[in-house]
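Chemist:
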Amino acid sequence: MPLVLSAGTYFGHSGQLSVEGFAHTGPSARFDDLVTEGRLLERGYGLVMVDLRGFGGSTGCTEAIGGNADRTDVRAALDWAAAQPFSTGSVGMYGKSMDGITALIGNNLDHPALQAAIAQEPIWDIQRTMRSGGVPRSTTVSVPSIHNQLATQPQMPDDARYLANAAWDSPAGPHPECTILNTASYTDPNPESETWTLRNLAEHAKGTDTPLFVTQGFLEWNTDAEGMQEFLANHAGPSDSREPRS
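For the sequence shown, the UniProt record's numbering begins at 1 and goes up steadily by one.
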């Protein structure tokens, strides 16, 4: 079957943004609307939800979003999804906010298995969301704080491997330094440094042609539209625009 893949930070078994008090473990409800209203499974697709490093059941230290860690994880997820015996080898990426960012990263990888990407309210250029004219925005604190909270979120009773992986970067785990390093990764003030140039998703979209569907608001400050025009100008894939009827 063709697969819809989402890779992100919100798929932990105990809850998306906090412990939600579930009675038992199970897949995240983040995209229940896609499964129920969208009838994804009934239409013959499979859904794969992937924990980026440091989140849910994955080991590793998270770092500032959109960098080499996320690219490596998305590439590995696409490789895995395309190679499974139940997969046709055709994969689409779907997400909103953080997992919308990874959909853009998937587009930029130009992976042969990726047939389409849907990104809802992503961040297009990470640096411009973190600083405005060189002045730090509140996102330089809020984004790493939220991700540190998610990365160390207590998990419910689960299988031993999942729990061990989830505790990898917790305060009592083997790598409590991960949250400190993640916070520090957002503090680079130089917009031209490698920290930020490799996270300019709009710039890295040049020459890509994955069919892309995006939605974007213009008032929400956390995932603003900075860099959207540049990304779409650099993207060479199929596109469509409609004029509103008068």
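No residue lacks a Cβ here, since even glycine has one placed at the ideal position from N, Cα and C.
1) If you run the structure through DSSP and keep just helix, strand and coil, what is L3?
2) May I ask you to list the residues that DSSP assigns as paired with A116?
3) Going by other Cβ atoms of all chains shown within 10 Å of its Cβ, with 16 needed for buried, is S6 buried or exposed?
4) In angstroms with no decimal places, state the Cα-to-Cα distance between R137 and R131.
5) Please report the straight-line C-alpha distance between G207 and G173, rounded to a whole angstrom.
6) Measure the C-alpha to C-alpha separation of G46 and R39 and round it to an integer number of angstroms.
7) Suppose you measure from the CA of L198 to the CA of H204; what does that come to, to the nearest Å?
8) For R131, does the three-state DSSP call read helix, strand or coil?
9) Do you know offhand how far Q16's Cα is from F55's?
10) Distance check for R128 and P244, CA to CA, integer angstroms please.
11) Inspect the beta-carbon positions of A117 and T210 and report whether they are closer than 8 Å.
Modeler: This is what the structure gives:
1) Position 3 of the sequence shown, counted from the first residue, corresponds to residue 3. L3 falls in the strand class under three-state DSSP.
2) On the sequence shown, position 116 is the one that residue 116 refers to. According to DSSP, A116 bridges with G92.
3) Within the sequence shown, the letter at position 6 stands for residue 6. Per the 10 Å Cβ criterion, buried.
4) Start at 1 with the first residue of the sequence shown, and residue 137 comes out as number 137. Start at 1 with the first residue of the sequence shown, and residue 131 comes out as number 131. About 5 Å.
5) Numbered from 1 along the sequence shown, position 207 holds the residue referred to as residue 207. Numbered from 1 along the sequence shown, position 173 holds the residue referred to as residue 173. Those two C-alpha atoms are separated by around 42 Å.
6) Here residue 46 corresponds to residue number 46 of the sequence shown, with the count starting at 1. Here residue 39 corresponds to residue number 39 of the sequence shown, with the count starting at 1. Roughly 11 Å separates the two Cα atoms.
7) Residue numbering aside, residue 198 sits at position 198 when the sequence shown is read from its first letter. Residue numbering aside, residue 204 sits at position 204 when the sequence shown is read from its first letter. Cα to Cα, L198 sits roughly 8 Å from H204.
8) For the purposes of this step, residue 131 is taken as the residue at position 131 of the sequence shown. Note: R131 maps to strand in three-state DSSP.
9) Counting from one through the sequence shown, the residue named residue 16 turns up at place 16. Counting from one through the sequence shown, the residue named residue 55 turns up at place 55. Going from the Cα of Q16 to the Cα of F55 covers about 10 Å.
10) What you label residue 244 is simply residue 244 of the sequence shown in a count that begins at 1. What you label residue 128 is simply residue 128 of the sequence shown in a count that begins at 1. Residue placement at P244 is poorly supported in this model, since its pLDDT is 47, which falls under 50; the coordinates are not used for a value here.
11) For the purposes of this step, residue 117 is identified with residue 117 of the sequence shown, where counting begins at 1. For the purposes of this step, residue 210 is identified with residue 210 of the sequence shown, where counting begins at 1. Yes.
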